[in-house]
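Asks: My questions will all concern the structure given below.
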């Protein structure tokens, strides 16, 4: 079964070979704004609109799991004005609850909760609670996230909970990461022409296909998601065999 990509009758998505988990490094919000002579903060606002477009298209073609890298542990080094503005945008995620439920997606937060204030944690908890019965899949927002930080904190949890070495393996270790029980990443997409993973989902991307897009994240459209999936479907995934 296939689905024609919007506005391009010659290209089709193979519905039988959809990635189970697509992760996005949403890069280029500030560069997008600068290239248009706009305030930097407006780039972040338009970046949220791009996330909405991608989620809407994902629901149309029945993708199961998406992760968006929105704010890293290193991003706290940015100016207070920018950080405050970004966290104000993140708090608006509550306004999307009805859309998540309509599209049948659970909301999940990945990241270091100790770095977030209570008002934002309350919103995250409410979103996770109110969407927990959704069945299509999961929309995962990586906020205050660092790959090394997540692995170190997972190791601390194992020590704190006195888990025996016999109980620890590659699969059980994932349960101590903030990504929880989401499947490994099949496809990583990074926008804005950068070609590195910047510590994103280090444990979960062992066999991810990497795809780098030149355009900045706020310009990312539904058709770009289609193109990413079509490129993924061209890859030969051997998993070391």
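Residue numbers (our numbering): 1484 to 1724.
Using N, Cα and C, we set each Cβ at its ideal position, and we do this for glycine too.
1. Helix, strand or coil: how does DSSP classify residue 1675 here?
2. As a quick exercise: from 1551, 1676, 1650 and 1586, pick the residue whose alpha carbon is nearest that of residue 1629.
3. Hey, quick one: how far does the alpha helix (DSSP H) through residue 1513 stretch, first residue to last?
4. Would the segment 1694-1702 count as touching the segment 1670-1678 if we require 3 or more Cβ pairs under 8 Å?
5. If you run the structure through DSSP and keep just helix, strand and coil, what is residue 1497?
6. Keeping to the same chain, check which residues put their C-beta closer than 6 Å to that of residue 1542; ignore five residues upstream and five downstream.
7. May I have the straight-line CA-CA distance separating residue 1592 from residue 1508, to the nearest angstrom?
8. Counting only the same chain and skipping the five closest in sequence on each side, list residues whose C-beta sits under 7 Å from that of residue 1569.
9. Taking the straight line between their C-alpha atoms, what separation do you get for residue 1605 and residue 1723?
10. Could you check whether residue 1641 and residue 1686 sit closer than 8 Å to each other, using their CB atoms as the reference points?
11. Let me confirm a value: residue 1532 is counted as buried when at least 16 other C-beta atoms fall within 10 Å, else exposed. Which label applies?
Replies: Inspection of the coordinates gives the following:
1. Looking at residue 1675 - three-state DSSP - the assignment turns out to be coil, as it is neither helix nor strand.
2. Residue 1551 is the option with its Cα nearest to residue 1629.
3. If you look at residue 1513, you'll find it in the alpha helix (DSSP H) that goes 1512-1518.
4. As far as the Cβ criterion goes, the segment 1694-1702 touches the segment 1670-1678, which means the pair count is three or higher.
5. Three-state DSSP puts residue 1497 in a strand.
6. Taking residue 1542 as the centre and dropping the five residues before and after it, the same chain places the C-beta of 1586 closer than 6 Å to its C-beta, in chain order.
7. Across the structure, residue 1592 and residue 1508 are spaced so that their CA atoms are roughly 15 Å apart.
8. Hits under 7 Å: 1527 and 1554.
9. Across the structure, residue 1605 and residue 1723 are spaced so that their CA atoms are roughly 43 Å apart.
10. Taking 8 Å as the cut-off, the Cβ atoms of residue 1686 and residue 1641 do not count as close.
11. Answer is exposed; the Cβ neighbour count stays below 16.
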